[in-house]
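**Q** Dropping a structure here in structure tokens format, bear with me for questions.
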Amino acid sequence: MALSRNHKKLNISNLCPMDLNFLLYIDNIYECYHGEKEVFPGKYLISNEQELLDLESFNENFNICWDEIIKEYEQQQYMDNPFKTLHFRDCYKSLFRRDSDIHAPERIWNAFSLWWWSEYGIKVYMDRYTDLIMPELAEQIWKGLYEKNIEVNDGSSLYVMLLFKQPIRTIPKSSNKLFFSTMNDFVYKKENIASEIVELFV
């Protein structure tokens, strides 16, 4: 979808990043053990708690991995072909003990992939629901830019990065290239999101 004003165009797209959502999936596993919370996907994917890092090490490695992925999105390395992001990253291994079962990261990746890609998986839900809302959201953004007389450079692109849960290990930093939103906020706080996005261009 493109928004144009005075012959200048802002391309707006919704994107469900598999890699960032996988980090949040792993984060939930740690919450089950260290936070003692019963959250999806639970504990069953870990055969032995000794496979997990101590919480301080996990937090540090999680943020390194998150920042590495965000940097690639900011450089828009994958935007022409987002399927390039659908691979197992080496940094995922750093989220588990090196002396643990060598297949633990891959085992969790495979379980996540089934949840992500199945016919009734989370990606299908996220895509279908947000596709319906995007035209309305885009119109609100265009209106906000117009009312504030904000110029947008030709070919500018904004990606609404959709996360299945609110990160607790990091605070996603939105910009006029990437705007982060949980599905819950996207559904129930559309007006706020439009206003926040417009402010990114001021």
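As numbered in the working numbering, residues 10 to 211 make up the sequence shown, in order. Just so you know, even glycine gets a beta-carbon here, dropped at the ideal spot from N, CA and C.
1) Based on DSSP bridge pairs, tell me the residues matched to M170.
2) Smallest Cα separation from F188: which of N201, Y168, W118?
3) Quick check: the Cα distance between N185 and S66, rounded to an integer number of angstroms?
4) Express the C-alpha separation of W151 and M135 in angstroms, rounding to a whole number.
5) Alpha carbon to alpha carbon, what distance is there between R178 and I38?
6) For L32, does the three-state DSSP call read helix, strand or coil?
7) May I ask which residues mark the beginning and end of the alpha helix (DSSP H) holding R98?
8) Where DSSP assigns a beta bridge to F67, which residues make up the other side?
9) Ignore the nearest five residues each way along the sequence and tell me which others in L24's own chain have a CB closer than 6 Å to its CB.
10) Taking the alpha helix (DSSP H) that R116 belongs to, which residues open and close that run?
11) For A120, which residues from the same chain have a beta carbon less than 6 Å from its beta carbon, with the 5 sequence-adjacent residues on both sides left out?
12) Identify the residues that DSSP records as bridge partners of L61: which are they?
13) Rounded to whole angstroms, what's the CA-CA distance from K102 to F49? Just pull it up for me.
14) To the nearest angstrom, how far is the alpha carbon of F97 from that of E115?
15) Under the three-state reduction of DSSP, which class applies to S204: helix, strand or coil?
16) Using the beta-carbon count (16 or more within 10 Å), is P144 buried or exposed?
**A** So, to answer that:
1) Under DSSP, M170 forms a beta bridge with L24, F189.
2) Comparing Cα-Cα distances from F188 to each of N201, Y168, W118, the minimum goes to Y168.
3) Each residue's alpha carbon lies about 32 Å from the other.
4) Rounded to the nearest angstrom, the gap between the Cα atoms of M135 and W151 is 23 Å.
5) Going from the Cα of I38 to the Cα of R178 covers about 13 Å.
6) In this structure, L32 counts as helix in the three-state DSSP scheme.
7) For R98, no alpha helix (DSSP H) run applies, since DSSP gives it neither H nor E.
8) When beta bridges are read from the DSSP output, F67 appears opposite no residue.
9) For L24, the CB contacts under 6 Å within the same chain, skipping 5 residues up- and downstream, are Y168, M170 in chain order.
10) Taken as a continuous stretch (DSSP letters only), the alpha helix (DSSP H) holding R116 covers 113-126.
11) So the qualifying residues of the chain are L54.
12) Bridge pairing for L61: F105 [DSSP].
13) Rounded to the nearest angstrom, the two C-alpha atoms are 20 Å apart.
14) A straight-line Cα-Cα distance of about 8 Å links F97 and E115.
15) Here S204 sits in helix by DSSP.
16) Exposed.
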